[in-house]
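Engineer: Submitted below is the structure of interest, expressed as C-alpha cells.
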Amino acid sequence: MLLEIKTDERRQRYPGIEEKVFEVLDRQGFTPFAVVMAFEAATWQRLRQVRPDARVAALYSARMLPPATVGAQLETLRQAGVSFVGLDQALVTAEVAKQARLAGLTLGVWTVNERAAIARFIEQGVGVVITDRPDLAKELLGR
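The numbering of the sequence shown is the numbering used here, which starts it at 1 and goes up by one.
Spelled out as C-alpha cells, the structure:
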C-alpha cells in the first residue's frame, strides 16, 4: 500500500498526523505492507523519527527538485533512512534509476500513462511505475 500524507488547504501539516497514521496502520496490521509518503520533508523526517522501522518515502515534483540535484538528494534520503523515493517522471533518467539502486532506494515514478514511457521506465529498472493505465503496464510486463 502506498499511503500519502497530504497537507491542509493552507499547505500546513496536520498536528500529530504521523502518529495517527501509524496507529491506524498498526491497528489494521498494515504497517509491514505500507509505504508512507509525503512531499514535505518535515513530514517524512517525522515519520522516520516516529517509526524508524517503517518504510517511508519522499516525493518530489519537477518543480521541487532541479534535475541537476536529483543525485545529491538521493544520497541525502539514503542517509536519512528513507527507503523509497517517488519522482515525477520528468526527473527520471536511466542515470537517476541507477543512482537510486546504488543508494538502496526503491524508485517510484508517477504518473506514467504512455506506452513508450511505461516501457522505458520498466527497462530502466524503476521499482514502481504509478499509472492510470494498469492494462498497458500489465501488457508490457507480460502479465
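Ideal Cβ placement from N, Cα and C applies to all residues, glycine included. Fair warning: this is a prediction, and the values are worked out from it, not measured in the lab.
Just to confirm my understanding: we take A137, look at its own chain, exclude 5 residues before and 5 after, and list those with CB closer than 7 Å. What are they?
Structural biologist: The residue labelled residue 137 in the question sits at position 137 within the sequence shown. Here the set comprises I118, V129, T131.
Engineer: If we ignore side chains and look at the alpha-carbon of each, how far apart do E61 and G29 end up?
Structural biologist: If you number the sequence shown from 1, residue 61 lands on position 61. If you number the sequence shown from 1, residue 29 lands on position 29. This sequence places Ser at residue 61; Glu is not what is there. Near 30 Å, if we compare the C-alpha coordinates of G29 and S61.
Engineer: Give every residue of the same chain whose Cβ lies closer than 7 Å to the Cβ of F121, excluding the five residues on either side of it in the sequence, and list them in chain order.
Structural biologist: Within the sequence shown, the letter at position 121 stands for residue 121. V92, V109, V112, V129.
Engineer: Below 8 Å on the Cβ atoms is my contact criterion, and I expect A54 with T31 to pass it. Report the Cβ-Cβ distance as a whole number of Å.
Structural biologist: Along the sequence shown, read from residue 1 onward, the residue named residue 54 stands at position 54. Along the sequence shown, read from residue 1 onward, the residue named residue 31 stands at position 31. Contact flag correct, Cβ pair sits at about 6 Å.
Engineer: May I have the straight-line CA-CA distance separating G81 from R48, to the nearest angstrom?
Structural biologist: Position 81 of the sequence shown, counting from 1, holds the residue named residue 81. Position 48 of the sequence shown, counting from 1, holds the residue named residue 48. Their Cα atoms are separated by approximately 7 Å.
Engineer: Should F84 be labelled buried (16 or more other beta-carbon atoms within 10 Å of its own) or exposed?
Structural biologist: Numbered from its first residue, the sequence shown carries residue 84 at position 84. The residue is buried, with at least 16 neighbouring Cβ atoms inside 10 Å.
Engineer: Taking C-beta to C-beta, are M1 and A34 nearer than 8 Å?
Structural biologist: For the purposes of this step, residue 1 is identified with residue 1 of the sequence shown, where counting begins at 1. For the purposes of this step, residue 34 is identified with residue 34 of the sequence shown, where counting begins at 1. Their beta carbons are under 8 Å apart, which means M1 touches A34 by this criterion.
Engineer: Given this structure, state the Cα-to-Cα distance separating K6 from E23, to the nearest angstrom.
Structural biologist: In the sequence shown, residue 6 corresponds to position 6, counting from 1. In the sequence shown, residue 23 corresponds to position 23, counting from 1. About 17 Å.
Engineer: Measure the C-alpha to C-alpha separation of G86 and G104 and round it to an integer number of angstroms.
Structural biologist: Looking up residue 86 in the sequence shown gives position 86. Looking up residue 104 in the sequence shown gives position 104. G86 and G104: Cα-Cα distance of roughly 14 Å.
Engineer: Between L140 and G127, how many whole angstroms is the CB-CB distance? I'm expecting something under 8 Å.
Structural biologist: To locate residue 140, count along the sequence shown from 1; it is residue 140. To locate residue 127, count along the sequence shown from 1; it is residue 127. Actually they do not touch by this definition, with Cβ atoms about 15 Å apart.
Engineer: Write down every uninterrupted run of the alpha helix (DSSP H) in the stretch 17-51 whose length is 4 residues or greater and which is fully enclosed by it, in chain order.
Structural biologist: You should have 17-28, 41-50.
Engineer: Give a yes or no on whether 8 Å exceeds the smallest Cβ distance from G142 to chain C.
Structural biologist: Going by chain labels, chain C is absent from the structure shown, which holds only one protein chain.
Engineer: From what residue to what residue does the beta strand (DSSP E) around G86 run?
Structural biologist: Taking the sequence shown and counting its residues from 1, the one referred to as residue 86 is at position 86. From DSSP, the beta strand (DSSP E) with G86 extends over 84-88.
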